[in-house]
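In order, the protein sequences belong to chains L and V. With the UniProt record's numbering, the residue at position 227 of the first sequence is 227, and numbering never jumps. With the UniProt record's numbering, the residue at position 100 of the second sequence is 100, and numbering never jumps. Think of the CB as a built atom: it goes at the ideal place given N, C-alpha and C, for glycine as much as any other residue.
Number of protein chains: 2
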Amino acid sequence: MSVDIAVVGATGLVGEALVELLDEGDFPAADIHLLASGESAGKSMPFRGRNLRVRDLAAFDFAKVKLAFFATTAEVVAEYAPRALASGCSVIDLSGSGEGSLVLPVLNAESAELAQLPVLLRAPAAAAAEVGEVLVALASCVELRSLSLTACLSASQLGREGVQELARQTAELLNARPLEPRLVDRQYAFNMLGQVGSVDACGHSAIERRIHDELVELFPGLSGQLQVSCLLAPVFFGDALSLSLRTAEPVDLAAVRQALDAADGIELIEDDYPTVIGDALGQDEIKVGRVRSGFLDPCELNLWIASDNVRKGFGLNAVKLGALLIKHYL
Amino acid sequence: MSVDIAVVGATGLVGEALVELLDEGDFPAADIHLLASGESAGKSMPFRGRNLRVRDLAAFDFAKVKLAFFATTAEVVAEYAPRALASGCSVIDLSGSGEGSLVLPVLNAESAELAQLPVLLRAPAAAAAEVGEVLVALASCVELRSLSLTACLSASQLGREGVQELARQTAELLNARPLEPRLVDRQYAFNMLGQVGSVDACGHSAIERRIHDELVELFPGLSGQLQVSCLLAPVFFGDALSLSLRTAEPVDLAAVRQALDAADGIELIEDDYPTVIGDALGQDEIKVGRVRSGFLDPCELNLWIASDNVRKGFGLNAVKLGALLIKHYL
Ligand SMILES: NC(=O)c1ccc[n+]([C@@H]2O[C@H](COP(=O)([O-])OP(=O)(O)OC[C@H]3O[C@@H](n4cnc5c(N)ncnc54)[C@H](OP(=O)(O)O)[C@@H]3O)[C@@H](O)[C@H]2O)c1
Ligand SMILES: NC(=O)c1ccc[n+]([C@@H]2O[C@H](COP(=O)([O-])OP(=O)(O)OC[C@H]3O[C@@H](n4cnc5c(N)ncnc54)[C@H](OP(=O)(O)O)[C@@H]3O)[C@@H](O)[C@H]2O)c1
Numbered sequence: 001m002s003v004d005i006a007v008v009g010a011t012g013l014v015g016e017a018l019v020e021l022l023d024e025g026d027f028p029a030a031d032i033h034l035l036a037s038g039e040s041a042g043k044s045m046p047f048r049g050r051n052l053r054v055r056d057l058a059a060f061d062f063a064k065v066k067l068a069f070f071a072t073t074a075e076v077v078a079e080y081a082p083r084a085l086a087s088g089c090s091v092i093d094l095s096g097s098g099e100g101s102l103v104l105p106v107l108n109a110e111s112a113e114l115a116q117l118p119v120l121l122r123a124p125a126a127a128a129a130e131v132g133e134v135l136v137a138l139a140s141c142v143e144l145r146s147l148s149l150t151a152c153l154s155a156s157q158l159g160r161e162g163v164q165e166l167a168r169q170t171a172e173l174l175n176a177r178p179l180e181p182r183l184v185d186r187q188y189a190f191n192m193l194g195q196v197g198s199v200d201a202c203g204h205s206a207i208e209r210r211i212h213d214e215l216v217e218l219f220p221g222l223s224g225q226l227q228v229s230c231l232l233a234p235v236f237f238g239d240a241l242s243l244s245l246r247t248a249e250p251v252d253l254a255a256v257r258q259a260l261d262a263a264d265g266i267e268l269i270e271d272d273y274p275t276v277i278g279d280a281l282g283q284d285e286i287k288v289g290r291v292r293s294g295f296l297d298p299c300e301l302n303l304w305i306a307s308d309n310v311r312k313g314f315g316l317n318a319v320k321l322g323a324l325l326i327k328h329y330l
Numbered sequence: 001m002s003v004d005i006a007v008v009g010a011t012g013l014v015g016e017a018l019v020e021l022l023d024e025g026d027f028p029a030a031d032i033h034l035l036a037s038g039e040s041a042g043k044s045m046p047f048r049g050r051n052l053r054v055r056d057l058a059a060f061d062f063a064k065v066k067l068a069f070f071a072t073t074a075e076v077v078a079e080y081a082p083r084a085l086a087s088g089c090s091v092i093d094l095s096g097s098g099e100g101s102l103v104l105p106v107l108n109a110e111s112a113e114l115a116q117l118p119v120l121l122r123a124p125a126a127a128a129a130e131v132g133e134v135l136v137a138l139a140s141c142v143e144l145r146s147l148s149l150t151a152c153l154s155a156s157q158l159g160r161e162g163v164q165e166l167a168r169q170t171a172e173l174l175n176a177r178p179l180e181p182r183l184v185d186r187q188y189a190f191n192m193l194g195q196v197g198s199v200d201a202c203g204h205s206a207i208e209r210r211i212h213d214e215l216v217e218l219f220p221g222l223s224g225q226l227q228v229s230c231l232l233a234p235v236f237f238g239d240a241l242s243l244s245l246r247t248a249e250p251v252d253l254a255a256v257r258q259a260l261d262a263a264d265g266i267e268l269i270e271d272d273y274p275t276v277i278g279d280a281l282g283q284d285e286i287k288v289g290r291v292r293s294g295f296l297d298p299c300e301l302n303l304w305i306a307s308d309n310v311r312k313g314f315g316l317n318a319v320k321l322g323a324l325l326i327k328h329y330l
């Protein structure tokens, strides 16, 4: 029992991770259609022992599938998601472009379970999903007052071209060639960037706003109590998140550790601290470490998170969401 | 009118910056003695058109000088600072090892001006000095309630060997040679580290504790209201600081910008954000950008700081302190 599905943006970083996850698991997909821009049409990607052709999204008939993952730009979603829905195909949108209910499977899976099909659901940004999963795990032992998040994002935040930009700049510097910034407007290699892309009139970047708005949507109590700063570290992959929570009562660190340890999808690293390379990359768990209170404030809880943003933050959550939706069709 | 001085740890990153700053300015030093371990004895460093010999600290007679900068480990300070003082030589300690008054020239220069000689004064850690200078600038327009600091430190935090470690690891990775972590216990190149060195029983690293304790010493109102997390970014130089302040009243962003703009030693970067490479390195100002309030909380003020930790954070402040002390001798 399975249905036909599509991955839009299959050649991108997130799309490729989705295809891998769908390939590995027992996802109830009969046939899978890999879609991208006309430029990628004709490329092939491995899936369940076969080589699948990537096709041009513009020529695709969404009536062929019941579910489509959109791992592509907001513009492409705006153009094609309505067509998919009109053809009876449900959409899981990873772009953060704003329509439909936002679902974090560990928190509000019922939005997917109760959906009237076809439906458009949104998967949170990787960092919002990662922080969200930790907040769900902590809900039993911490009454949250406010949350401050400093997210050190990676080149992968800028998609495949971001990774290429960092690689090229790094090579230019190490080979003493002239530095030619292209995607990023300055030296990114060996330089910590304090801002991801441009900012709005209030000074917030799009990814800061997305993470903020999504977390407040998932946890309404955070409204007015959530500070988000996103930095871009000169690393290729992963999310590295520094979190500071203020709680209503003094933090019981033992209970916090137990709650994190018991949570599915989270691995607590106790005597050491986790990092993306070595601990998180390619893994299906968020790695959490450095659980500690404040220097003087017992109602302060600090955490450090390393996660594979593409696979865990985006991919796994979207795939879980897809599995919840597909149940309706079977 | 000038006195003889010494720089202990002259061959280190901070010591070298001190020697450069003393060389450039009109610092009232007659003769300068460059001191380091026995291994460096015999090396030479340029100073005011001459090549000065580095000498072995162990053989140095502090009676020859009136002032010594200690840019070296806490152990060396513990052993030699008392000898210096006993010989009538004042000490400016940059190691954070704990004796004497802590002086940030823009805040409490009178501690140096009123000192009974010989005296031991401490210069703050670079990040504490940088945050401190910004807080002094903001004092006129912001009533601070609490402060959250996420400091993305650089390899230079680990001294000259730290810079070498990152360079070697980067070269190993790019040349597909086996990675051999030495000073850092894991892959540091292209990896964001969530912790600097080891942590104490409460989970805080030594540099987090130093920054916290020094800022509370300088700004006692921050006691219990200061959160500090230090990360180690795979970049060679500079401090990249993400600050979030909570204030008693809604923040007047125009007044904040004006105050930062007017402050000596701070450059406000308005339509863009500053970074270490390109903006801060080699400069005598802290570069501040991304001045913004919270998404929903008008009593939240966020800032981003890029600074040359070695030159500006450590060096310039220590040299200013030295100049204040030397006035006593003249
Ligand atoms: N990676 C992250 O960490 C991250 C973070 C925040 C948000 N996101 C969002 O997640 C989505 C995917 O990100 P990504 O990192 O995978 O980006 P990516 O590596 O740049 O991939 C983009 C994908 O979209 C496809 N695409 C672009 N224009 C298209 C068009 N006109 N028609 C059809 N397909 C088109 C590309 O196909 P071609 O290969 O043919 O160009 C590619 O498959 C984006 O919405 C991005 O904003 C990603
Ligand atoms: N760089 C930073 O951002 C930073 C941050 C926080 C704290 N600090 C503190 O600032 C101080 C200097 O840092 P740094 O970055 O300049 O370190 P560094 O590059 O490692 O230099 C250390 C200096 O100390 C000297 N030294 C070490 N052992 C000695 C001994 N037994 N006798 C005499 N000299 C000795 C070294 O001389 P040789 O060359 O002969 O070994 C060298 O000149 C340290 O206390 C460090 O903890 C620095």
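- Put simply, the backbone Cα of Val-142 of chain L is about 9 Å away from that of Leu-135 of chain L.
- Between the C-alpha atoms of Asp-272 of chain V and Cys-230 of chain L there is a straight-line separation of about 15 Å.
- Note: Thr-150 of chain L is bridge-paired with L:Ser-229 and L:Ser-242 in the DSSP secondary-structure output.
- In the three-state reduction of the DSSP assignment, Gly-289 of chain L falls in the strand class.
- Using a cutoff of 7 Å, the CB of Leu-94 of chain L counts as near ligand 1, since one of the ligand's heavy atoms is closer than that.
- Taking 7 Å as the cut-off between beta carbons, the residues of the segment 234-262 of chain V near chain L are Pro-234, Val-235, Phe-236, Ala-240, Ser-242 and Ser-244, in sequence order.
- Those residues of the segment 272-287 of chain V placed with their C-beta closer than 8 Å to a C-beta in chain L are Tyr-273, Pro-274, Thr-275, Val-276, Ile-277 and Gly-278, ordered along the chain.
- Spanning the alpha carbons of Ala-126 of chain L and Thr-170 of chain V requires a straight line of approximately 27 Å.
- Relative to ligand 1, the beta carbon of Ala-318 of chain L is positioned no closer than 7 Å to any heavy atom.
- For Ser-40 of chain V, the Cβ falls inside the 7 Å cut-off from some heavy atom of ligand 2.
- The beta-carbon distance between Asn-191 of chain L and Ile-277 of chain V, rounded to whole angstroms, is 4 Å. This is short enough to meet the 8 Å contact definition.
- Leu-22 of chain V sits close to Ala-29 of chain V, with the two beta carbons spaced by under 8 Å.
- Following the DSSP letters along the chain, one finds Leu-301 of chain V inside the beta strand (DSSP E) bounded by residues 300-307.
- In the DSSP annotation of this structure, the continuous segment of the beta strand (DSSP E) that includes Asn-51 of chain L starts and ends at 50-56.
- Not one heavy atom of ligand 2 lies closer than 7 Å to the C-beta of Gly-238 of chain V.
- The continuous beta strand (DSSP E) containing Asp-31 of chain V extends over residues 29-36.
- Pairing Glu-110 of chain L with Gly-265 of chain L gives a Cβ-Cβ distance that is not under 8 Å.
- DSSP, read as helix, strand or coil, puts Leu-120 of chain V in strand.
- For Gln-227 of chain V, the shortest C-beta to heavy atom distance toward ligand 2 is 7 Å or greater.
- Taken through DSSP and simplified to helix, strand or coil, Ser-101 of chain V comes out as strand.
- Neighbours of Gly-224 of chain V in chain L, taken as residues at a C-beta separation under 7 Å, are given in chain order as Leu-296 and Asp-297.
- Under the three-state reduction of DSSP, Asp-93 of chain L is assigned to strand.
- Taking non-hydrogen atoms of ligand 1 into account, the C-beta of Ala-125 of chain L is found less than 7 Å away from one of them.
- Interface criterion not met: the Cβ of Ser-307 of chain V is under 8 Å from no Cβ in chain L.
- Judged by DSSP secondary structure, Glu-267 of chain L falls within the beta strand (DSSP E) whose first and last residues are 266-268.
- In this chain, Leu-330 of chain V is not harboured by any alpha helix (DSSP H), its DSSP state being neither H nor E.
- Listed along chain V are Arg-292 and Phe-295, each with a C-beta nearer than 8 Å to that of His-204 of chain L.
- Close to Gly-96 of chain V, with beta-carbon spacing below 9 Å, lies no residue of chain L; the smallest spacing is near 15 Å.
- Annotated as distal: Ala-259 of chain V and Ser-146 of chain V, with beta-carbon spacing of 8 Å or more.
- By the Cβ test, the segment 6-18 of chain V is not in contact with the segment 282-293 of chain L, since fewer than three Cβ pairs between them sit closer than 8 Å.
- Taking a contact as a CB-CB distance under 8 Å, the pair Leu-173 of chain L and Glu-165 of chain L does not count as one, their CB atoms being some 13 Å apart.
- Rounded to whole angstroms, the Cβ separation of Leu-13 of chain L and Ser-205 of chain L is 19 Å, and the two are not in contact under 8 Å.
- The beta carbon of Thr-73 of chain V is closer than 7 Å to those of Ser-95 in its chain, skipping five residues each way along the sequence.
- The segment 298-311 of chain V makes contact with the segment 235-250 of chain V, as at least three CB pairs between them are under 8 Å.
- Ala-68 of chain L carries a strand assignment under DSSP once its states are collapsed to helix, strand and coil.
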